[in-house]
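**Student:** 9 is the number of the first residue of the sequence shown in the working numbering; add one for each residue after it. Backbone N, C-alpha and C fix where the C-beta goes; we use that ideal spot for every residue, glycine too. Before anything else, here's the structure in question.
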Amino acid sequence: MCKIISRYERRIIMKTFLLEIGTEELPAGIFPDVINQIEDKSRELLEKYRVDYGDIEVFATPRRLVLFVYNLSERQRDEIRKVKGPPKNVSLDNDGKPTKALTGFAERQGCNIEDIKFEATPQGEYAFAYIKIEGRPVKEVLGEFSKELIGSLEFQRNMYWEDTKFLFPRPIRWLLSILDEDLIPFELAGVRSDRYTYGHRFLSPKPIEIKSATEYKEFLRSAYVMFDNRERKDY
């Protein structure tokens, strides 16, 4: 194996991620579809970003879409990247010794010559390097994940909002994004993520600071918001 690209200590710690998209009032008819979309696309993107997790919950209220991801690993899975080099007849001289083409390729990939493998392809035998890239801390990729997730949601009726011309059914007014107690910073549609949410529009209109993802549900209940769709249905 060639060089390991990493500067991070590896630890196994399971974390909880909370993403809340706060909007102006959404049409209730979109909830079943958007809840399914958020869950399905979250699973696809977590796989794309090589993030292991336990379970996912999605909720919707008229002014918010909420994603919980439980038991996230602290880091991405490692990746083995296969890099194609020069053909074998260019890599070795007549005596079977490495040429400058091969040694240069190995050096660029951080490999020893002994790590290079020759493999058959439809175009003939080529040199290949296998590079292990250790995963980044998950908190460094969740901002990218969140932006891609929100941008991937599809609705029958979209509108351009703000100067950013971001497409969404209603304007995005706040973004709450927390991994355990850590704020996950990103910006979308002219809104920066923060650790504040809002309760019932009339009964609890002031911003509520969420210090931990695990306290979110309790705070919303105390602010007169039934965030769980099963609770709303039973009410």
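(1) What residues are listed by DSSP as bridge partners for Met234?
(2) How close, in whole Å, do the beta carbons of Gly30 and Thr222 come, if the pair is a contact with beta carbons under 8 Å?
(3) Leu27: which of His208, Glu226 and Pro193 sits nearest, CA to CA?
(4) Take Asp86 and list the residues in its own chain whose beta-carbon comes closer than 7 Å to its own, dropping the five residues that flank it on each side.
(5) DSSP three-state call for Lys225: helix, strand or coil?
(6) By Cβ distance, which residues of its chain are closer than 6 Å to Ala68, with the 5 residues on each side in sequence left out?
(7) Please identify the residue among Lys108, Ile88 and Arg200 whose C-alpha is closest to the C-alpha of Lys96.
(8) Spatial neighbours of Asn120 within its chain, please: C-beta separation below 6 Å, excluding the five flanking residues on both sides.
(9) Do the segment 56 to 68 and the segment 76 to 90 make contact, defined as three or more Cβ pairs closer than 8 Å?
(10) Among Phe176, Leu54 and Phe113, which one has its Cα closest to the Cα of Pro35?
(11) DSSP beta-bridge partners for Ile186?
(12) For the beta strand (DSSP E) that contains Asn102, what are its first and last residues?
(13) Helix, strand or coil for Ile141? Go by DSSP, reduced to three states.
(14) Measuring only the C-alpha atoms, how far is Glu32 from Ile216?
(15) With burial defined as no fewer than 16 other Cβ atoms inside 10 Å of the residue's Cβ, what is the status of Gln164: buried or exposed?
(16) With distance defined between alpha-carbon atoms, name the residue in Lys225, Lys147 and Ile158 nearest to Asp190.
(17) How far does the alpha helix (DSSP H) with Ser154 in it reach, from first residue to last?
(18) Enumerate in chain order the residues of its own chain whose CB-to-CB distance from Lys219 is below 8 Å, with the five nearest sequence positions on each side excluded.
(19) Once you ignore the five residues that flank Glu162 on each side, which residues in its own chain have a CB closer than 8 Å to its CB?
(20) Could you have a look at Lys214 and say whether DSSP puts it in helix, strand or coil?
(21) Going by DSSP, what residues sit across from Ala128 in a beta bridge?
(22) Mark Ser230 as exposed unless 16 or more other C-beta atoms lie within 10 angstroms of its C-beta, in which case mark it buried.
(23) Just the C-alpha distance for Arg178 and Glu122, rounded to the nearest angstrom, thanks.
(24) Measure the CB-CB distance between Leu228 and Leu187 and report whether it falls below 8 Å.
(25) Tell me which residue opens and which closes the beta strand (DSSP E) that Leu34 is part of.
**Tutor:** Per the coordinate set shown:
(1) For Met234, DSSP assigns no beta-bridge partner whatsoever.
(2) At roughly 19 Å, the Cβ-Cβ gap does not stay under 8 Å, so Gly30 and Thr222 are not in contact.
(3) Leu27 has its Cα closest to that of Pro193, out of His208, Glu226 and Pro193.
(4) If we look at Asp86 and ignore the five residues flanking it on each side, its Cβ neighbours are Lys140, Ile141, Glu142 and Gly143.
(5) In the three-state reduction of the DSSP assignment, Lys225 falls in the helix class.
(6) If we look at Ala68 and ignore the five residues flanking it on each side, its Cβ neighbours are Phe39 and Ile43.
(7) With respect to the C-alpha of Lys96, the residue from Lys108, Ile88 and Arg200 having the closest C-alpha is Lys108.
(8) The answer is none, since no qualifying residue turns up.
(9) By the Cβ criterion, the segment 56 to 68 is in contact with the segment 76 to 90, since at least three pairs of Cβ atoms, one from each stretch, lie closer than 8 Å.
(10) For Pro35, the nearest C-alpha among the options comes from Phe176.
(11) Bridge pairing for Ile186: Leu26 and Leu191 [DSSP].
(12) In the DSSP annotation of this structure, Asn102 is not part of any beta strand (DSSP E), being labelled neither H nor E.
(13) In this structure, Ile141 counts as strand in the three-state DSSP scheme.
(14) So the two alpha carbons sit approximately 17 Å from each other.
(15) If you draw a 10 Å sphere on the C-beta of Gln164, you find fewer than 16 other C-beta atoms in it, and that means exposed.
(16) Closest by alpha carbon: Lys147.
(17) Element bounds for Ser154: Leu150 to Ser160.
(18) Taken in chain order, the residues that qualify are Glu189 and Arg203.
(19) Once the five neighbours on either side are set aside, the close Cβ partners of Glu162 are Gln45.
(20) The answer is coil: DSSP assigns Lys214 none of H, G, I, E or B.
(21) According to DSSP, Ala128 bridges with Glu133.
(22) It is exposed - the Cβ of Ser230 has fewer than 16 other Cβ atoms within 10 Å.
(23) Taking the Cα positions, Arg178 is about 58 Å away from Glu122.
(24) No, these two residues do not count as a Cβ contact at 8 Å.
(25) Per DSSP, Leu34 belongs to no beta strand (DSSP E) and is neither H nor E.
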